[in-house]
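J.: Pasting in a structure now, in structure tokens, and then I'll have a few things to ask.
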Amino acid sequence: MSALTEADDARQVFARIDWRQPWLAPLAERGARWQTAALAGYAPYLAALNADARSKALPTGRGEPLSFIAQDDLPPDASYEAHIAATGCVPTRHNLHDFFNASMWFQYPRIKATLNALQAAQIEALGIGPTRGGVRDALTLFDENAVLFACADRALADALLGFDWPTLFLSKRDAWSERCEARVFGHALLEKLLSPYKACTGHAWIVEVPPAYFSFDDEQRRSLLDERVARMLLSPSPTSRDFAPLPVLGVPGWWPANESPAFYADAAVFRPGRRNRR
């Protein structure tokens, strides 16, 4: 594929972003600027990311200042997470996957730095092998596919953990935005949601928040979640059992079809529970 064709393909991909979608709206202010830069080309895109990084002075996993480099600048013998922790430089391709990954460094810098530190420590302890191991698998799952489920009502968290979709989405529907909400963190999940489909499922990470959380503005909510989840990830080490599946288009207000109770009757998507989680 020629460089010109690759650039054309990249422009078509970035042009698909619709900031009106509720899962993208929290990213829109910065994201729209980055989108314009990405449509102009790879170099303007990296320049926009690095201008924001310099203005924020955010640390990566071991305190190095955050910056973004072209994927080809990652040394051939370096592992991705270890390189970020050691240098602060995030290898970034001109694609949506890495676009949303970069976005999360600004939305939730403490969470991203904690994930990076934990991944780098696992790599140092165990090396790079054919499998990641349980802790690295859970960290990667969080990074790629997590949905932060902020909740001030234990009954709602229990409904999510218990696959009790009628309670979570129907009888307690009015609780959404008043006692619970969902925020997509995983950058791979955000990429999938550029072409939404009913079975698209995130891995929900339940975060207890005070009732006052729902009177906070967006920045205050993100700051609280960022600090709280970063601490949660440190002790104990996360496992795959710490997540609960959440069909994201079932979130009230996120998809027009879910206004009908019949939407949730699809057992292939809204599956009955198998077990409880943490």
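Taking the numbering used here, the leading residue of the sequence shown gets 3, the next gets one more, and so forth.
Here a beta-carbon is modelled for each residue, glycine too, at the ideal position from N, C-alpha and C.
Source: prediction; values computed, not measured.
1) Counting only the same chain and skipping the five closest in sequence on each side, list residues whose C-beta sits under 8 angstroms from that of Asn-97.
2) What is the rounded straight-line gap between the Cα of Lys-200 and the Cα of Ala-152?
3) I think Ile-208 touches Ala-159, with their Cβ atoms under 8 angstroms apart; what is that distance to the nearest whole Å?
4) Per DSSP, what are the beta-bridge partners of Phe-151 in this structure?
5) Could you tell me which residues DSSP puts in a beta bridge with Ser-69?
6) Which of the three DSSP states is assigned to Ala-246 in this structure?
7) Taking DSSP as the reference, what is the three-state secondary structure of Trp-36?
8) From this set, Ser-179, Lys-174, Leu-162 and Ala-59, which residue's C-alpha is nearest Asp-220's C-alpha?
9) In its own chain, which residues sit with a C-beta less than 8 angstroms from the C-beta of Cys-202, not counting the 5 before and 5 after it?
10) Whole angstroms is fine: what's the gap from Gln-37's alpha carbon to Leu-29's?
11) Look at the alpha carbon of Glu-229 and the alpha carbon of Arg-223, and state the distance between them as a whole number of angstroms.
12) If I'm right that Ala-154 touches Pro-213 with Cβ under 8 angstroms, what's the distance once you round it to whole angstroms?
13) Counting pairs of beta carbons, one from the stretch 108 to 115 and one from the stretch 161 to 173, are three or more of them closer than 8 angstroms?
14) Can you check DSSP and say which residues form a bridge with Trp-178?
15) Taking Thr-116 and Leu-235 to be in contact with their CB atoms under 8 angstroms, please state how far apart those CB atoms are, rounded to whole angstroms.
16) Rounded to a whole number of angstroms, what is the C-alpha to C-alpha distance between Ser-69 and Ile-19?
17) Specify the secondary structure class of Thr-203 as computed by DSSP and reduced to three states.
18) Would you mind stating whether Leu-150 and Ala-184 have Cβ atoms separated by less than 9 angstroms?
19) Can Glu-66 and Ala-88 be called in contact, C-beta distance under 9 angstroms?
20) Cα separation between Ala-269 and Ala-55?
21) Could you please give the first and the last residue of the uninterrupted alpha helix (DSSP H) stretch that includes Thr-116?
22) Do the CB positions of His-99 and Asn-147 come within less than 9 angstroms of each other?
23) My assumption, with CB atoms under 8 angstroms, is that Ala-122 sits in contact with Gly-63. Please give the rounded CB distance.
24) Going by DSSP, what residue range makes up the alpha helix (DSSP H) through Ser-225?
25) Return yes when the Cβ of Trp-25 is within less than 9 angstroms of the Cβ of Leu-60, no when it is not.
26) Give the DSSP-derived three-state secondary structure of Pro-168 in the structure shown.
27) Which residues bound the alpha helix (DSSP H) around His-189?
T.: Reading it off the structure:
1) The residue you call residue 97 lines up with position 95 of the sequence shown. Correct list, in chain order: Ala-12 and Val-15.
2) Here residue 200 refers to the residue found at position 198 of the sequence shown. Here residue 152 refers to the residue found at position 150 of the sequence shown. Looking at the two C-alpha atoms, the distance is approximately 22 angstroms.
3) For the purposes of this step, residue 208 is taken as residue 206 along the sequence shown, with counting starting at 1. For the purposes of this step, residue 159 is taken as residue 157 along the sequence shown, with counting starting at 1. Going by Cβ atoms, the distance from Ile-208 to Ala-159 rounds to 5 angstroms, so yes, they are a contact pair.
4) Here residue 151 refers to the residue found at position 149 of the sequence shown. Answer is Ala-184 and Ile-208.
5) The sequence position of residue 69 within the sequence shown is 67, counting from 1. DSSP lists Cys-91 as partners of Ser-69.
6) Taking the sequence shown and counting its residues from 1, the one referred to as residue 246 is at position 244. Strand, per DSSP.
7) One-based indexing of the sequence shown puts residue 36 at position 34. Of the three classes helix, strand and coil, the one that applies to Trp-36 here is helix, per DSSP.
8) By one-based count along the sequence shown, residue 220 stands at place 218. It is Ser-179 whose Cα lies nearest to the Cα of Asp-220.
9) As a working note, residue 202 is residue 200 in the sequence shown. Correct list, in chain order: Leu-191, Lys-194, Leu-195, Pro-249, Val-250 and Leu-251.
10) Mapped onto the sequence shown, residue 37 falls at position 35. Mapped onto the sequence shown, residue 29 falls at position 27. For Gln-37 and Leu-29, the distance between alpha carbons rounds to 11 angstroms.
11) Position 227 of the sequence shown, counting from 1, holds the residue named residue 229. Position 221 of the sequence shown, counting from 1, holds the residue named residue 223. Near 10 angstroms, if we compare the C-alpha coordinates of Arg-223 and Glu-229.
12) Taking the sequence shown and counting its residues from 1, one reaches residue 154 at position 152. Taking the sequence shown and counting its residues from 1, one reaches residue 213 at position 211. 5 angstroms between Cβ atoms; contact.
13) no
14) In the sequence shown, residue 178 corresponds to position 176, counting from 1. Partner(s): Cys-182.
15) For the purposes of this step, residue 116 is taken as residue 114 along the sequence shown, with counting starting at 1. For the purposes of this step, residue 235 is taken as residue 233 along the sequence shown, with counting starting at 1. Right, the Cβ-Cβ distance comes to about 5 angstroms (below 8 angstroms), so this counts as a contact.
16) Along the sequence shown, one-based indexing puts residue 69 at 67. Along the sequence shown, one-based indexing puts residue 19 at 17. Whole-angstrom Cα-Cα distance: 24 angstroms.
17) Here residue 203 refers to the residue found at position 201 when the sequence shown is read from its first residue. Here Thr-203 sits in strand by DSSP.
18) Stepping through the sequence shown from its first residue, residue 150 is reached at position 148. Stepping through the sequence shown from its first residue, residue 184 is reached at position 182. Contact: yes.
19) By 1-based counting over the sequence shown, the position of residue 66 is 64. By 1-based counting over the sequence shown, the position of residue 88 is 86. Yes, these two residues count as a Cβ contact at 9 angstroms.
20) Working through the sequence shown from its first residue, we reach residue 269 at position 267. Working through the sequence shown from its first residue, we reach residue 55 at position 53. C-alpha separation (whole angstroms): 44 angstroms.
21) Here residue 116 refers to the residue found at position 114 of the sequence shown. 111 to 128 is the span of the alpha helix (DSSP H), which, as asked, contains Thr-116.
22) Within the sequence shown, numbered from 1, the residue matching residue 99 stands at position 97. Within the sequence shown, numbered from 1, the residue matching residue 147 stands at position 145. Against a cut-off of 9 angstroms, the Cβ pair of Asn-147 and His-99 comes out as no contact.
23) By one-based count along the sequence shown, residue 122 stands at place 120. By one-based count along the sequence shown, residue 63 stands at place 61. The Cβ separation is near 5 angstroms, so the contact holds.
24) Position 223 of the sequence shown, counting from 1, holds the residue named residue 225. Start and end: 220 to 236.
25) For this step, residue 60 is matched to residue 58 along the sequence shown. For this step, residue 25 is matched to residue 23 along the sequence shown. Going by C-beta atoms, Leu-60 is not nearer than 9 angstroms to Trp-25.
26) The count along the sequence shown starts at 1 and reaches residue 168 at position 166. Here Pro-168 sits in helix by DSSP.
27) Position 187 of the sequence shown holds residue 189. Per DSSP, His-189 belongs to the alpha helix (DSSP H) from 189 to 194.
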